[in-house]
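Novice: Numbering (my numbering), first residue to last: 294 to 655. There's a structure below that I have some questions on.
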Amino acid sequence: MALSDTLKVDLGDRSYPVYIGTDLLTEADLLVSHIRGNSALVVSNTTVAPLFLGKVQAILKAHNIRHDCLILDDGEQHKTIATVEKIIDSLLRQRHDRQTTLIALGGGVVGDITGFAASIYQRGVHYIQIPTTLLAQVDSSVGGKTGVNHPLGKNMIGAFCQPQCVIADTATLDSLPARELSAGLAEVIKYGLIHDSEFFDWLEQNIDQLLAGDYQALCQAIRVSCTIKAEIVALDERESGIRAILNLGHTFGHAIETTMGYGKWLHGEAVAVGMVMAADLSLRHGWIDETVKQRTIGILEKSSLPIKSPPNMSADDYMKAMAIDKKTLDGTIKLILLKSLGEAVISADYETDLLNQTLTQC
Ligand SMILES: NC(=O)c1ccc[n+]([C@@H]2O[C@H](COP(=O)([O-])OP(=O)(O)OC[C@H]3O[C@@H](n4cnc5c(N)ncnc54)[C@H](O)[C@@H]3O)[C@@H](O)[C@H]2O)c1
Ligand SMILES: [Zn+2]
């Protein structure tokens, strides 16, 4: 095993470790030590289960933990309340009690659905995140946001519910399609933009290694990303303030996902375009200079991410979708914008005509 780091998400009695390294799925203790009681339900999907479920099952079996498995259909379009019901059905039929532990084995979709099911099953049971996409390893598995989509809006149904631990194994990324790796990089780049200009410099220098799946570079990117996320989540677990900066590019991005139809654009791809739009709007206000916008576009392009809004999406489409997004407070759309490279602000204090220019010209 190569456990390269253990971070802590510091939330008092809801604190938990994030294990980062290579080949961690063969390390039984990391998983077993976080299972309360003697039963578990592993939730995965049709793509991930054939790859890694055997390893998880072998550990559970070796430690005499009674376990069941539920394999979901793959895809963002299945991130629905109906899928949550399937998990609850499975738990009840197989007589899982309040001591059971859910194990989410998969990307952000499996993690978000499973975490939400854990938050409501018998008023809350434990769960563990085993993220198998870069996006899930750097973002969705950490911080306790769980939930599902509604046809009218992304992640509109959900709960805050922290996992018992996160096991991020870079070896699982070997089988990840290149497009998905790039989508994960969008969230990694986000951390540099909102909080850490040195990390952004490092990303510019190491993007080729990351795209090539180099374990050392990936571990470093995951470690810095999760450290920043853990720090922000510890300050504001339920997003009453600062945590919203993690949503850089997301208000625009969610609008793209909702308007284009779930699963058409990958979440990370939509966020990439959203970050270009946020940089563009920040530049129009004179808050950042042209170089910051160009460096943002440059690194996203190098990561094979889209940088242009879908051609058939109008400013009106954005405004409609953005009005439903939960960053709307008292009718005003709050946006995460940049004050400099490495510094984000939450702002309702932007010019609407400049926003309109961004929506039509990006
Ligand atoms: N909860 C949060 O804080 C948070 C943060 C960011 C994103 N999200 C959510 O995460 C979701 C996106 O997550 P995602 O990008 O991981 O998408 P995903 O879960 O759909 O995974 C992407 C694809 O890769 C496949 N896959 C997963 N692991 C694989 C592996 N190791 N090898 C080969 N294929 C693999 C999946 O089956 C899927 O087809 C969105 O629903 C988004 O809203 C949540
Ligand atoms: Zn995201």
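Cβ atoms here follow ideal geometry from the backbone N, Cα and C, with glycine treated the same way.
1. With distances taken from CA atoms, which of Ser-575, Lys-447, Asp-507 and Ser-596 is nearest Ala-614?
2. Output yes or no for whether 9 Å exceeds the beta carbon distance between Thr-425 and Gly-400.
3. Compute every distance between the C-beta of Val-481 and the non-hydrogen atoms of ligand 1, then say whether any falls below 8 Å.
4. Hey, Ile-590 and Ala-572: beta-carbon distance below 9 Å or not?
5. Could you please give the first and the last residue of the uninterrupted alpha helix (DSSP H) stretch that includes Thr-463?
6. Which same chain residues, not among the five before or five after Ile-500, have their C-beta less than 7 Å away from its C-beta?
7. Pull up the CB-CB distance for Ile-515 and Ile-313, whole angstroms please, since I reckon it's below 8 Å.
8. Looking at C-alpha atoms only, which residue of Gln-513, Ile-380, His-419 and Ala-527 is the closest neighbour of Val-403?
9. Assuming contact is defined by CB atoms lying nearer than 9 Å, are Glu-320 and Tyr-555 in contact in what I supplied?
10. With distance defined between alpha-carbon atoms, name the residue in Arg-577, Val-377 and Arg-472 nearest to Thr-439.
11. Alpha carbon to alpha carbon, what distance is there between Thr-315 and Met-294?
12. Quick check on the DSSP output: what are the complete beta strand (DSSP E) runs of length 3 or more inside the region 420-484, in order along the chain?
13. Below 8 Å, can you find three or more Cβ-Cβ pairs linking the region 340-358 to the region 490-505?
14. Along the beta strand (DSSP E) that carries Asn-499, what are the first and last residues, could you check?
15. Quick one: does the C-beta of His-443 sit closer than 8 Å to a heavy atom of ligand 1?
16. Does the Cβ of Gln-457 have 16 or more other Cβ atoms within 10 Å, making it buried, or fewer, making it exposed?
17. Please determine, among Ala-355, Lys-483, Ala-616 and Thr-339, the residue with the shortest C-alpha to C-alpha distance to Ile-538.
18. What are the boundary residues of the beta strand (DSSP E) that Leu-318 is part of?
19. Measure the C-alpha to C-alpha separation of Pro-310 and Ser-518 and round it to an integer number of angstroms.
20. What separation, rounded to the nearest whole angstrom, lies between the Cα atoms of Ala-563 and His-547?
21. Only counting runs of 4 or more residues, tell me where the alpha helix (DSSP H) segments fall wholly within the region 588-645, in order along the chain.
22. For His-360, report the span of its beta strand (DSSP E) as first-last.
23. Let's see if you can read the secondary structure: which residues bound the beta strand (DSSP E) around Gly-399?
24. In whole angstroms, what is the alpha-carbon distance linking Phe-545 and Lys-354?
25. Taking DSSP's pairing of strands, which residues face Ile-313 in a bridge?
26. Anyone know if the C-beta pair for Val-335 and Leu-395 falls short of 9 Å?
27. With respect to the beta strand (DSSP E) encompassing Val-335, which residues constitute its N-terminal and C-terminal limits?
28. Counting pairs of beta carbons, one from the region 458-471 and one from the region 428-438, are three or more of them closer than 8 Å?
29. With DSSP as the reference, identify every bridge partner of Tyr-555, one or two as the case may be.
30. Between which two residues does the alpha helix (DSSP H) containing Arg-386 stretch?
31. Which of the three DSSP states is assigned to Ser-575 in this structure?
32. In whole angstroms, what separates the C-alpha of Lys-586 from that of Leu-474?
33. Would you give the residue range spanned by the alpha helix (DSSP H) that Ala-514 belongs to?
34. Is Glu-270 a contact residue of ligand 1, with contact defined as CB to any heavy atom under 8 Å?
Specialist: Based on what the coordinates show:
1. Lys-447
2. With a cutoff of 9 Å on beta-carbon distance, Thr-425 and Gly-400 are scored as near each other.
3. no
4. yes
5. No alpha helix (DSSP H) contains Thr-463, which DSSP labels as neither H nor E.
6. The answer, listed in chain order, is Ile-592, Lys-595 and Ser-596.
7. 5 Å
8. If we check each option's Cα against that of Val-403, Ile-380 comes out closest.
9. Cβ atoms of Glu-320 and Tyr-555: not closer than 9 Å.
10. Val-377
11. For Met-294, the pLDDT reaches just 48, beneath the cut-off of 50, and the residue's location in the model is therefore unreliable, although a value from the coordinates is still provided. The straight-line gap from Cα to Cα measures roughly 7 Å.
12. Runs of the beta strand (DSSP E) inside the region 420-484: 438-443, 446-453 and 459-462.
13. no
14. Taken as a continuous stretch (DSSP letters only), Asn-499 belongs to no beta strand (DSSP E), being part of the alpha helix (DSSP H) at 490-504.
15. no
16. By the 10 Å Cβ count, Gln-457 comes out buried.
17. Comparing Cα positions, the closest option is Lys-483.
18. Per DSSP, Leu-318 belongs to no beta strand (DSSP E) and is neither H nor E.
19. 14 Å
20. 7 Å
21. 608-617
22. 359-365
23. 394-399
24. 45 Å
25. As DSSP reads the structure, Ile-313 sits in a beta bridge with Asp-298 and Ala-461.
26. Yes. Within cutoff.
27. 332-338
28. yes
29. Trp-558
30. 374-386
31. Assignment of Ser-575 by DSSP, reduced to helix, strand and coil, places it in the helix class.
32. 23 Å
33. Segment 508-528, the alpha helix (DSSP H) holding Ala-514.
34. Outside the displayed range of the chain (294 to 655) lies residue 270, so it cannot be described from this structure.
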